[in-house]
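Chains as they are written, first to last, in this note's numbering: chain A, 1 to 596; chain B, 1001 to 1359; chain C, 2001 to 2162.
In this text, a Cβ means the ideal position worked out from N, Cα and C, and glycines have one as well.
Computed from a prediction, not measured in an experiment: that's the story for all the values here.
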Amino acid sequence: MPGLRKVDRLKKLLLILPCDEEMEGLLDPESLAEEMNDPENWVFARSDPRLCGPDRSDYIADLVKETEAQAIIVGGPSDRTHGSVWRQEASLVGIPPDRVELVPLVQQCIYVTDEKDAARRRAKIMIESALARVDTGIDRAVERVKAMQAVLVIGGGVAGMQAAWDLADFGRQVYLVERTGELGGRAHQLSRTYPTQDCKPDGCCPQSCRDCQFTPRIDLVTSHPLIELLLESEVRSVKGGIGGYQIEVHSPETSRLLEVGAIVVATGNVMFDAGEMGELSPWHPDVISFLELEKLIDWQRKEDRAWEPLRRPSDGKVPKNIHFLQCVGSRDEHHGTIECSLVCCTYAVGQAKDLKDMLPDATVAIHYMDMRGPYRGFERHYLEAQESGVLFMRGRVVEIEPDNGNLMLSYEDIDIGEPVTMEADLVVLSVGQLPTPGTAELAQMLGVPLDDDGYIGEDNTTYSLWDRRGVYVVGCAAGPRGIRYSVRDGREAALSIDAVLRRTQIELADNIAEVDDERCVGCGQCVESCEYGAVTLEERTDLQTGRKYRVAIVDPRRCWGCGNCHATCPSTAIRLSGFSDDQLVRQVELASGGHR
Amino acid sequence: MAIAFKWDLAKGEDRDEAVRRLLREALEKGVVDAVLVPAEGPARTGIVNMFTTDPGSLDASAPFAKAMAQFGPQDLVRLTEPGGSPIRIAALLKPCECRAVAELAKINQIDLEHVVLLSPDCEGTVELKEYSMVADGQAVPVRNACKICRFHVARDPVDVAIGTFGVKDGLMLVTNSDEGQAFAEGIGAKATELTDARKKAVEEAIVKGEEAYGDQEARSREKYADLDTFLAELSPCIKCMNCQNVCPVCYCKECLLYTDAFNPTAGSLADKAKRRGTLRMPVETVQFHLTRMAHVMTACVMCGQCQSACPSDIPLVEMYAGINRRIQDQFDYEAGRSMEEEPPFTCFSEHENFEVVGD
Amino acid sequence: MADSSKGKEKKKTTDGATGGDAPKDWNPRIVGFLCNWCSYTGADLAGVSRLQYTPEFIPIRVMCSGSVDVAYILKAFLEGADGVLIGGCHLGDCHYLNGNYKARRRVAVVKEVMEGVGLDPRRLHLEWISASESGKFAKTVSTFDETLRQLGPNPLAKERLL
């Protein structure tokens, strides 16, 4: 295998892991290492069971000392699964991350074929390719930036308040931007939460639950000295990246530029507007959403009306026939979202049971497709509702028609398989939840991806983009969820942010685009191709000639390392570290098989 | 919206002289500060571009020159570079050059803010080295690129097309922009109506051009259906990079193919020779041509300067004719058609090119 | 099938190569540019799922299908590869929002250039393969291998003075 070349850039330690039985059989790692070993060309290949044992680190340290290796190539695991493990291992012996290459012999070689010769040939090409990568790689100093310590929280619902409160408690300056004039979000409109009913309607506390229920109390957030509240305000533009964001916020009559190190997105979501489903007569005053029912219950509870029965909106009569419709604008291909909105079953069951308790003679029914309660305590909650006399009817109501001051419901009962009509005098729609309008624009500004359903995508659990970006999406901004989960989101984000910003310097990710000023003509095609706004054009003056010129510059905080700019640049003036032309062209040469 | 102006010939004046007078007016009336225009070189043996602020020097200019000067668009890159003095320039270039100017303006290489683009109808140009024969009055065939030109008449984003097709007496100035209109008014041209004869002549020129191009496209596709033809024609390439140097839309400071990645060290050349058996030296000749085609074809205006500059007479125009329009059509793009169209590699549409993906 | 609609019209291969000319022990060499997030992970999964495909497929990991330079694709053919496979995330699933859309444009151009000089565009194959589609990955490579067997060796591979 050795080439004619006698001059290599780096001393390379090639470790072929003999840990896999099938690898042992097909590739014979020991003889492969023997074959690849080429000290004259600075390739030191080893395959030893110690590489898979508990003393691995010591063994590697010895090898590095012995060979004076400056790079490590690992034959066996894939970069996707074990890249970080081996980069950490290498850092213990002082080898930087961009000099570690993994050759996925296990995932992409030994099971591909049963033929020993073919597998070995393939393994050799893949290994040579990795050796060439470290030799042709361009050394890059790890990018470090000093982090701004303040944090921006967008949205003052429970999730945003929790994040703001925790961050402020950690001693950070927090800017809490809220679009409306008050804190609390949707949770603040609820009279109580299910299935954790901390108060009973007949209990000792006559107050509206929401004032004591909510984990971060509004007063605490409002009065915290480190939280600056910006009500009726909106984010207009975002510049910079993790550790150094510049954010333009418009408030009534003022506009401010905030400098923060990280951002919490807690913009919540919105309720499906049933107005588009004319067949359900959504205009009718007695066809209300569950939030409107909350208002009725709340009104009835407040101001000492605790013992008065609930009245329906149209004529103030006490309703006798109350029907809940589940999945209105959820799990529906034609209206709202195809997704389940997660909280509505829990909620409807709770409200129905409360109404049944309040109006024991009334018929209270829930029309549902499946009962979905992804919360601990839901089953008990559901059973209690059944025991209290709430009726559960499986089937989707297709039409509501006003009839003599009441409402006629038509639906197909799935359990008996027949179309049924039924009279109601109050209908409650459990409407679905949709992304907040403007989410796409905000995601674009922040450079975070949007999912098909219009919500900002969840973070990757093995490779956190949020930590890298300094952007954390919490609560219903990341999809429907219950209050306690939103609150926990807020706390989690606060902890993550604190951990990231507490480091005096933030190490940016492995692959970042870099511009070769000598080659750049300032055409700006890379600027157009960057979806993250990481590349901009800058006008400079040549100090010797006084000549002005334009050149692209990369903000390493905003770069996500995709390399699209590189492929767009015809003169390869912008390149992605770890994926330079030198490396890729060499890899292509090795992979292409030569001429016949 | 195109607005037409009349520019009559003075007594005894030919069209060249009429345009010289037009440019002179523009300088004298302060409509522009400088003019970039083709002119006959010394001893009438060639055509060069002249850049002047002196109305008197315009006598040497050759607005309707039967040959194309080199580097017109590249001159505008220099003249409008950042921090340059904001002089107003009237640039008179061939329609194909103007389309290249538009391509360069889209990618920040030319700043058109202070430039008025003028372009006379073009009947094709001869090879530069044959210009002296034209000057002597001999009949010389136009260049291959001109034979299959689809754009004899300048359209957007040229500010003022100087019309001769279908115009009997004098010239018709067809303005395509506010700047063009201001220019025409500034030099004292009289507004007029676009005549039917003009419209018809332009229409005919377009149809004829499309036909000629279409025929060549079909011939090229047949000719290059077999890889051997292409390789054989590249065989005499001396890798002088002339094609790249004269190309108005090939704008890199240094070609990608000159970087280390494509210029192996002595050691790796030996390695490579061992692996491949044989290497053509200097390396990467075919890679250069293929990469250039892929890089440039979306912006290529088919001016044919590459072929004219080739010392080995490689028929680049024929090669490009087979793919030029087809590539641009895929993206609903036409090089130089409109400043609104984004360069194809910087954007995308969600509903396109489905046939290039597997399944 | 990797194909442009134009390629399909022609019954015979455009680059003059046919399977019949192939040396006996010839197996098509495929260079695969696989995006880190989807296709490369799909290839990993194909391996651990014990799915077999031609060992002459050599993977090159890239961060995004949109980062594959046209020069690399052409380079692979000039270095003798019989086929080039580019694997990206499904449209709408790109880890970097829309790199795959941009890749699609570049592939469209390179295919046209290939056809324009007489190299069969079916030798370049773009496919969206998600991280979980190990089966699709193996099938794509195998089908592509079959196509290349029909097309025969890359005619550039026998030409030494390139």
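Enclosing beta strand (DSSP E) for residue i [first to last residue]
i               : result
E418 (chain A)  : E418 to A424
E538 (chain A)  : V535 to T541
P319 (chain A)  : Taken as a continuous stretch (DSSP letters only), P319 (chain A) belongs to no beta strand (DSSP E), as it is neither H nor E.
N1049 (chain B) : I1047 to T1052
T1192 (chain B) : K1190 to T1192
Where residue i falls: helix, strand or coil (DSSP)
i               : result
I512 (chain A)  : coil
H250 (chain A)  : strand
S233 (chain A)  : coil
I127 (chain A)  : helix
N2027 (chain C) : coil
E2159 (chain C) : coil
H1351 (chain B) : coil
H1289 (chain B) : helix
C526 (chain A)  : helix
L1316 (chain B) : helix
A982 (chain B)  : Residue 982 (chain B) cannot be examined here, being either before or after the span of chain B that is shown, 1001 to 1359.
N269 (chain A)  : strand
S2067 (chain C) : helix
A150 (chain A)  : coil
C1122 (chain B) : coil
Q2150 (chain C) : helix
Y111 (chain A)  : coil
Neighbour flag for residue i against chain C, beta carbons, 7 Å
i               : result
Y455 (chain A)  : no
V112 (chain A)  : yes
P96 (chain A)   : no
T1125 (chain B) : no
G598 (chain A)  : Since the displayed chain A opens at 1 and closes at 596, residue 598 (chain A) lies outside it and no answer follows.
R1280 (chain B) : yes
H566 (chain A)  : yes
Q583 (chain A)  : no
R1326 (chain B) : yes
F1005 (chain B) : no
Cutoff 7 Å: residue i Cβ touching any chain A Cβ
i               : result
M2114 (chain C) : no
N1108 (chain B) : yes
C2035 (chain C) : no
P1086 (chain B) : no
L1256 (chain B) : yes
Euclidean distance between Cα positions of residue i and residue j
i               : j               : result
V1174 (chain B) : A1161 (chain B) : 5 Å
D425 (chain A)  : F290 (chain A)  : 15 Å
P2155 (chain C) : A118 (chain A)  : 23 Å
A494 (chain A)  : L167 (chain A)  : 5 Å
S577 (chain A)  : S1085 (chain B) : 38 Å
A150 (chain A)  : S223 (chain A)  : 18 Å
E1130 (chain B) : K1006 (chain B) : 33 Å
A1067 (chain B) : G470 (chain A)  : 60 Å
L105 (chain A)  : M126 (chain A)  : 8 Å
V1035 (chain B) : G524 (chain A)  : 28 Å
I512 (chain A)  : L465 (chain A)  : 14 Å
A1205 (chain B) : V2070 (chain C) : 36 Å
C1255 (chain B) : C520 (chain A)  : 11 Å
Extent of the continuous alpha helix (DSSP H) to which residue i belongs
i              : result
Y411 (chain A) : That residue, Y411 (chain A), is in no alpha helix (DSSP H); its beta strand (DSSP E) goes N406 to D413.
Proximity test, Cβ basis, 7 Å: residue i and chain B
i               : result
A2138 (chain C) : no
T536 (chain A)  : no
Interface residues of chain E facing residue i [CB-CB closer than 8 Å]
i               : result
V2117 (chain C) : As a matter of chain content, chain E is missing from the structure shown, whose protein chains are A, B and C.
Inter-stretch contact (C-beta, 8 Å, three-pair minimum) for the segment 1285-1297 of chain B and the segment 1309-1328 of chain B:
yes
Check whether the segment 97-114 of chain A and the segment 68-85 of chain A are in contact - that is, three or more C-beta pairs closer than 8 Å.
yes
Are the segment 561-571 of chain A and the segment 248-257 of chain A touching by the rule of at least three beta carbon pairs closer than 8 Å?
no
Using a Cβ distance threshold of 8 Å, determine whether the segment 272-287 of chain A contacts the segment 427-440 of chain A, with at least three qualifying pairs required.
yes
Okay, do the segment 2136-2150 of chain C and the segment 2109-2116 of chain C touch, 3+ Cβ pairs below 8 Å being the bar?
Note that the segment 2136-2150 of chain C does not touch the segment 2109-2116 of chain C; fewer than 3 beta-carbon pairs, one per stretch, sit closer than 8 Å.
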